[in-house]
Amino acid sequence: MEQMIRQVLADYGRLPVDAMTLDVDADLYRCGLTSHASVNVMLALEDAFDVEFPQELLRKKTFESIFAIEQALSGLVTSDRVSSV
Amino acid sequence: MNAANILGAAQLESRRGRSDPYLAFRQELFDEGLLVPTGVDGLYLRAERFEEIVRGLDVLVSLAGRAEASATYHFPLVMSRALLDRTDYVRSFPDLLGTVQSFAGDDRAHAELLRTVEEGGEWVAHLEPTDIALCSAACHPLYPSQSGPLPFGGRTVEVYGQCFRHEPSVDPARMQAFRQHEFVYLGTPEGARRHRDLWVERALSLHRSLGLEVEAVVANDPFFGRSGRMLAANQRDEALKIEIVSPICSSESPTAITSANCHEDHFGLEFDIVADDGAVAHTACVGFGVERVTLALLHTHGLRKESWPPSVRNVLGL
């Protein structure tokens, strides 16, 4: 999952730093992720993981680090699996 | 349509007007001749008696900030279409924007256009996009002219702008063509915050000096779609947009008459604007919706200036 998140950040985050080597806890906004780029990242993550972020997760905090994104996606992927059983 | 139908529609409109405060106030403005309907919601002809209030407001707003402004510009209603892309407007507000089309065909294409017109068809389909768009926010045309390093302490610019937003409404305060009188700051993040906060206080006291009931609230722009909900949540979380609201037609949902916004580095990044510390510039603006403030005054003090408090007339030079 982490590698896929890094790839999405590299493709859509318009980051001035290398997303593949960033620390998982690094603050992406401090690294140069703009509000508008974070929206592109959000949409690309939805496509990549075939999930839809619920309203309460559509905020800046959800996408503030690779770790935060992983946490949010883990919840979604798990609950999707549960609901499809 | 026969006369009976027209009468029926007018009566229906009038009956609705009594129950809908927006329609009712708009009808009062029509009856008084302050605004003249055009057949399109949100698009009105403005009488001189309306415009003299706007002019008084413009002077008042200008006096409040001009000492800090290094320049004053008056922008036309249209701008380069490329700006809609560069400002991200096309991404954030596709439903509000407008572009200009024109005819670029030959005689043969012209004949086809005329045939469609004669048949009552959708003749706009024969037009081509131009490189012109309608300006959606007064300060947007400013940014391309600000590329490069800013002077020490940043720069403040006064802008008179004409705007278009495609949001037809019977609320007379929600016009599709309107003006914004702005003071834009370009400089450091701290400077931008200071400009915004200073203007919230200034705008509150300016409006109160006119006898208006106002308060400052955290707000968000009507960003489009799901991605827009995320942008709106960010904007609210960070309190980037403060609106001065006043109850024009409704106390439950008062109307924003002025707004003060921090754009962070949104425009600085795209337009290569550099602060005095060498970092990407942050920007902030205050925008007075002069038609809306005028409507708030008319609603508060009455439709004829003769009945207004002398102090208010005095301040506005009426």
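Residue numbers (our numbering), protein chains in the order written: chain Z, 926 to 1010; chain S, 90 to 407. We treat Cβ as the ideally placed atom computed from N, Cα and C, and that holds for glycine.
Short CB-CB distance (under 7 Å) between residue i and chain Z
i, result
"Asp-177/S", "yes"
"Ala-322/S", "yes"
"Arg-318/S", "yes"
"Gly-97/S", "In this prediction, Gly-97/S has a pLDDT of 48, which is less than 50 and means its spatial position is unreliable; nothing more can be read from the coordinates."
"Leu-387/S", "no"
Straight-line gap, residue i to residue j (C-alpha atoms, nearest Å)
i, j, result
"Arg-297/S", "Glu-359/S", "37 Å"
"Arg-104/S", "Trp-397/S", "In this predicted model, Arg-104/S has a pLDDT of only 48, less than 50, meaning its place in the structure is not dependable; the value taken from the coordinates is given anyway. Using only the alpha carbons, I get a separation of about 29 Å."
"Leu-982/Z", "Ala-345/S", "28 Å"
"Leu-934/Z", "Val-949/Z", "12 Å"
"Thr-219/S", "Pro-183/S", "17 Å"
"Phe-313/S", "Ala-262/S", "21 Å"
"Glu-288/S", "Met-264/S", "With the sequence shown as reference, residue 288/S is identified as Trp, and Glu is not the correct amino acid for it. If you take the alpha carbons of Trp-288/S and Met-264/S, they lie about 24 Å apart."
"Ala-321/S", "Val-179/S", "16 Å"
"Gln-996/Z", "Thr-987/Z", "9 Å"
"Leu-216/S", "Phe-139/S", "36 Å"
"Val-303/S", "Ala-973/Z", "47 Å"
"Gly-378/S", "Glu-927/Z", "47 Å"
"Val-148/S", "His-163/S", "14 Å"
"His-388/S", "Arg-135/S", "16 Å"
"Tyr-133/S", "Ser-990/Z", "49 Å"
"Met-90/S", "Ala-200/S", "Note on Met-90/S: pLDDT 39, under 50, position unreliable in the model; the coordinate value appears next. Between Met-90/S and Ala-200/S, the C-alpha separation is close to 30 Å."
"Ala-993/Z", "Leu-407/S", "58 Å"
7 Å Cβ cutoff, residue i in contact with chain S
i, result
"Leu-999/Z", "The sequence shown places Ser at residue 999/Z, not Leu. For Ser-999/Z, the answer is no, since every Cβ of chain S falls outside 7 Å of its Cβ."
"Val-1010/Z", "Residue confidence is low: Val-1010/Z scores 39 on pLDDT, short of 50, so the model does not pin down where it sits. Its coordinate-derived value is still stated next. No, Val-1010/Z lies away from the interface with chain S (no Cβ there is under 7 Å from its Cβ)."
"Val-1007/Z", "Any reading at Val-1007/Z must be qualified, since the residue scores a pLDDT of 46, below 50, and its modelled position is unreliable; the value itself is stated next. Output row for Val-1007/Z: interface = no."
Sub-7 Å separation of residue i and residue j beta-carbons
i, j, result
"Cys-374/S", "Phe-114/S", "no"
"Tyr-111/S", "Val-248/S", "no"
"Ala-292/S", "Ile-333/S", "yes"
"Val-976/Z", "Leu-958/Z", "no"
"Cys-252/S", "Phe-267/S", "yes"
"Thr-245/S", "Glu-157/S", "yes"
"Cys-228/S", "Val-167/S", "no"
"Ala-944/Z", "Arg-955/Z", "no"
Inter-residue CB distance, residue i and residue j (contact presumed, cutoff 8 Å)
i, j, result
"Ile-142/S", "Leu-386/S", "6 Å"
"Phe-146/S", "Leu-392/S", "Note on residue identity: the sequence assigns Leu, not Phe, to residue 146/S. Not confirmed; about 17 Å, so no contact."
At a CB distance below 7 Å, what residues from the stretch 962-993 of chain Z approach chain S? Give them in sequence order.
Correct list: Val-964, Met-967, Leu-968, Gln-980, Leu-983, Arg-984 and Lys-985.
To be precise: take each residue of the stretch 324-338 of chain S, compare its Cβ to all Cβ atoms of chain Z, and keep it if any distance is under 7 Å. Which residues remain?
The stretch 324-338 of chain S vs chain Z, Cβ under 7 Å: Asp-326.
In chain order, what residues of the stretch 358-375 of chain S put their CB closer than 9 Å to some CB of chain Z?
Listed by position, the residues of the stretch 358-375 of chain S near chain Z (Cβ gap below 9 Å) are Leu-358.
Can you give me, in chain order, the residues of the stretch 157-190 of chain S that have a beta carbon less than 9 Å from any beta carbon in chain Z?
Taking 9 Å as the cut-off between beta carbons, the residues of the stretch 157-190 of chain S near chain Z are Asp-177, Arg-180 and Ser-181, in sequence order.
Taking only beta carbons into account, state which residues of the stretch 270-297 of chain S come closer than 9 Å to chain Z, listed in chain order.
Answer in chain order: no residues at all.
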